[in-house]
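Presented below is the structure to which this report refers.
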Amino acid sequence: VRDLSFELGIKANFSELSAIYGFSGETNIAHMVSALTQSADILHPQLKEFGGPKPVVIPVGADQDPHIRLTRGLAYKTNMFMVEERRAENGLISVRGKAASKEALKEIAKRTGGKLYEEHVDISGRTLDEVESVVREVELKHGGYAFMPPASTYHKFMTGLQGGKMSSSIPESYIALTDKPEDGAKKVMRAITGGRVTLEEQKKLGGEPDKCSVYELLLYHLVEDDNELLEVYKDCVGGTRVCGNCKKFTAELMRGFLKDHQEKREAAKERLGEFGLSIT
49 VRDLSFELGI KANFSELSAI YGFSGETNIA HMVSALTQSA DILHPQLKEF
99 GGPKPVVIPV GADQDPHIRL TRGLAYKTNM FMVEERRAEN GLISVRGKAA
149 SKEALKEIAK RTGGKLYEEH VDISGRTLDE VESVVREVEL KHGGYAFMPP
199 ASTYHKFMTG LQGGKMSSSI PESYIALTDK PEDGAKKVMR AITGGRVTLE
249 EQKKLGGEPD KCSVYELLLY HLVEDDNELL EVYKDCVGGT RVCGNCKKFT
299 AELMRGFLKD HQEKREAAKE RLGEFGLSIT
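In the working numbering, the protein residues as written are 49 to 328.
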């Protein structure tokens, strides 16, 4: 990752990083290097030692979209060739060399049956996927990376049980699937909620389920019935549902969820052989 980040850094400049991240003259160099390291971490599974170019999907929070934008741009800049559909109606595809030798372009023309020009090859009668596959093979042969731009999915991450983000260094901030059912239930009981300071305020002002880690457990993991979730939400906002009772309810669901999951996981171990797998 470190070595790749150095190479990607050659393709990035301050103007680009400023446009994507809002960097200013006050931004330190370490901050900029960390952005390149993120891009290298996303692209390194496509290195030759890890199997070469492949489609990858990166799950990120919405606030991490700048990393994806930078990485896609760097993948494009790093590649030796640019492939584009010139006339989709008659299937003309053009391959232009950005940092490729004439020998590489000649090889692409030969393998695709395309017409070779000074700095590009025009290809007809081939699909875009076919051409891109040949281009990647030729680029790898001639020492390039042939990165495929990463795809991404965007996620809303759950709040930690103690507020803020979950952290592996703070066991009380999350519930692991390997936690004992009783321990998982205890963590729920100790979780920070969106309730008011006093019971009187809770009944008068209502709770704040949108700020409650316990409600998030119900929303994302423990309650499948939307009508039941809506009832929990309304009762909380209306002040008729208090945090103590809600925690007990959620803790019991969590205890049952972990117990059921762990039993199924143990049972699944007995079937690994059916799929050519084993536990080492």
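Even glycine gets a Cβ: it sits at the ideal position worked out from N, Cα and C.
- Query: What are the partner residues of Asp-170, as DSSP defines its beta bridges?
  - Reply: Ser-142 and Lys-163
- Task: Jot down the residue ranges of each uninterrupted alpha helix (DSSP H) in the region 249 to 305, minimum 4 residues, whole runs only, in chain order.
- Result: 261 to 265 and 274 to 286
- Counting only the same chain and skipping the five closest in sequence on each side, list residues whose C-beta sits under 8 angstroms from that of Glu-151. These residues qualify, in order along the chain: His-190.
- Stretch pair the region 58 to 74 + the region 89 to 104: three plus CB contacts closer than 8 angstroms: Taking a cut-off of 8 angstroms on C-beta distances, the region 58 to 74 does not touch the region 89 to 104, as fewer than three cross pairs fall below it.
- Compute the Euclidean distance between the alpha carbons of Lys-234 and Ser-326, then round it to the nearest angstrom. 33 angstroms
- Message: Between which two residues does the alpha helix (DSSP H) holding His-190 run?
- Response: Where His-190 is concerned, there is no enclosing alpha helix (DSSP H), given that its DSSP letter is neither H nor E.
- Contact the region 176 to 187 vs the region 76 to 87: 3+ CB pairs below 8 angstroms: no
- Cβ shell of Val-285 (< 7 angstroms), same chain only, five flanking positions each side left out: Counting only Cβ-Cβ distances below 7 angstroms, and skipping sequence neighbours, we find Gly-254, Gly-255 and Pro-257.
- Which residues in the same chain as Lys-259 place their Cβ atom closer than 7 angstroms to its Cβ, once the five residues preceding and following it in sequence are excluded? For Lys-259, where only same-chain residues beyond five positions count, the Cβ hits under 7 angstroms are Gly-242.
- Query: Between the Cα of Glu-176 and the Cα atoms of Leu-140, Glu-314, Met-80 and Leu-118, which residue gives the shortest distance?
  - Reply: Looking at the sequence shown, residue 176 is not Glu but Leu. Comparing Cα positions, the closest option is Leu-140.
- In whole angstroms, what separates the C-alpha of Leu-118 from that of Leu-56? 10 angstroms
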